[in-house]
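Residue 148 in numbering that gives the first Met the number 0 sits at position 149 of the sequence shown, with consecutive numbering throughout.
For every residue, glycine included, the Cβ atom is placed at its ideal position computed from N, Cα and C.
Encoded as structure tokens, the structure appears first; notes follow it.
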Amino acid sequence: MLNIVLFGAPGAGKGTQSEKLIQKYQLQHLSTGDLFRMHLSNGTELGKLARTYMDQGHLVPDSVVIGMVREKIEAHKDSKGFIFDGFPRTVPQAEALDEMLTELDLSISCMLALDVPEEELKRRLVERGKVSGRTDDQDPEKINTRIQVYRNETLPVAEYYKKQDKFIPIQGVGSIDEIFDNICSKIEEHAK
Ligand code: ADP
Numbered sequence: 000m001l002n003i004v005l006f007g008a009p010g011a012g013k014g015t016q017s018e019k020l021i022q023k024y025q026l027q028h029l030s031t032g033d034l035f036r037m038h039l040s041n042g043t044e045l046g047k048l049a050r051t052y053m054d055q056g057h058l059v060p061d062s063v064v065i066g067m068v069r070e071k072i073e074a075h076k077d078s079k080g081f082i083f084d085g086f087p088r089t090v091p092q093a094e095a096l097d098e099m100l101t102e103l104d105l106s107i108s109c110m111l112a113l114d115v116p117e118e119e120l121k122r123r124l125v126e127r128g129k130v131s132g133r134t135d136d137q138d139p140e141k142i143n144t145r146i147q148v149y150r151n152e153t154l155p156v157a158e159y160y161k162k163q164d165k166f167i168p169i170q171g172v173g174s175i176d177e178i179f180d181n182i183c184s185k186i187e188e189h190a191k
């Protein structure tokens, strides 16, 4: 099984590259942001709770995220593999993910980390806000908060995978196809 953590700041291109990877390797996409947005549009209690954090640009509490991910992994444990997109976003989430996978006799293959300079991230998020309808992309203050939260709470997750020798940096600036080709060659190198 190929289990990839796709890592990067908000706006780094995780969603775009995930779509292409899923097609090529037939993986199960597990985007916590998408799952929360689905709960929001279905008006579930989980969605209502998540909204209070998402609207501020803050992280949803670990226990809520982990429970939601666990259900999704268990429902798809027979797939060819997972792409974790937007998760784990804190070290406790990374630890919980390892535990969940170990219970199923699975493990993370590698972390692919998209590297994009901060000015470019902000530019992309503002552009996405014009077309996506995502309120968290339409307010410069919320964008700044999310980037700050990323630096403080999420960057340590990269260290977690570096220690396990699973960290693979990817240049996140360039054409979508160039970045994708680069990702695929790293996966194939690593999978050998
Ligand atoms: P982006 O990467 O563009 O910030 P996402 O769609 O991944 O957007 O996430 C949107 C929001 O959903 C986040 O700002 C956060 O509030 C919440 N969220 C998503 N994934 C997680 C997670 N793993 N842990 C906590 N909160 C999360």
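- SER184 carries a helical assignment under DSSP once its states are collapsed to helix, strand and coil.
- Exposure of GLY173 is indicated by the presence of fewer than 16 other C-beta atoms within 10 angstroms of its C-beta.
- For the ligand ADP, a non-hydrogen atom lies closer than 8 Å to the CB of LEU58.
- Secondary-structure assignment with DSSP links ILE175 through no beta bridge to anything.
- GLY10 has its alpha-carbon roughly 18 Å from the corresponding atom of TYR52.
- With respect to the C-alpha of ILE169, the residue from GLY132, PRO116, GLU126, GLN147 having the closest C-alpha is PRO116.
- The beta strand (DSSP E) runs of length 3 or more contained entirely in the stretch 55-130 are, from start to end of the chain, 81-84, 109-114.
- Within the same chain, LEU20, LEU26, GLY80, PHE81, ILE82, PHE83, ILE107, SER108, CYS109, MET110, LEU111, ILE186 come within 8 Å of ILE3 by CB-CB distance, once the 5 residues on both sides are set aside.
- Inclusion of ILE142 and LYS161 in the CB contact set at 9 Å is not warranted, their separation being larger than that value.
- Remark: the shortest separation between the CB of PRO91 and any heavy atom of the ligand ADP does not fall under 8 Å.
- Rounded to the nearest angstrom, the gap between the Cα atoms of ALA190 and LEU5 is 16 Å.
- Between the stretch 94-106 and the stretch 123-138 there are fewer than three inter-stretch CB-CB distances shorter than 8 Å, so the stretches are not counted as touching.
- By a beta-carbon distance limit of 8 Å, THR15 does not contact ARG88. Their separation comes to about 18 Å.
- Between PHE166 and PRO91, the alpha-carbon positions lie close to 18 Å from each other.
- GLY56 counts as buried, since at least 16 other C-beta atoms from the protein chains shown sit within 10 angstroms of its C-beta.
- The ligand ADP never approaches PRO155 closely enough for any of its heavy atoms to be under 8 Å from the residue's Cβ.
- By the beta-carbon neighbour count (other beta carbons within 10 angstroms, threshold 16), GLY32 is buried.
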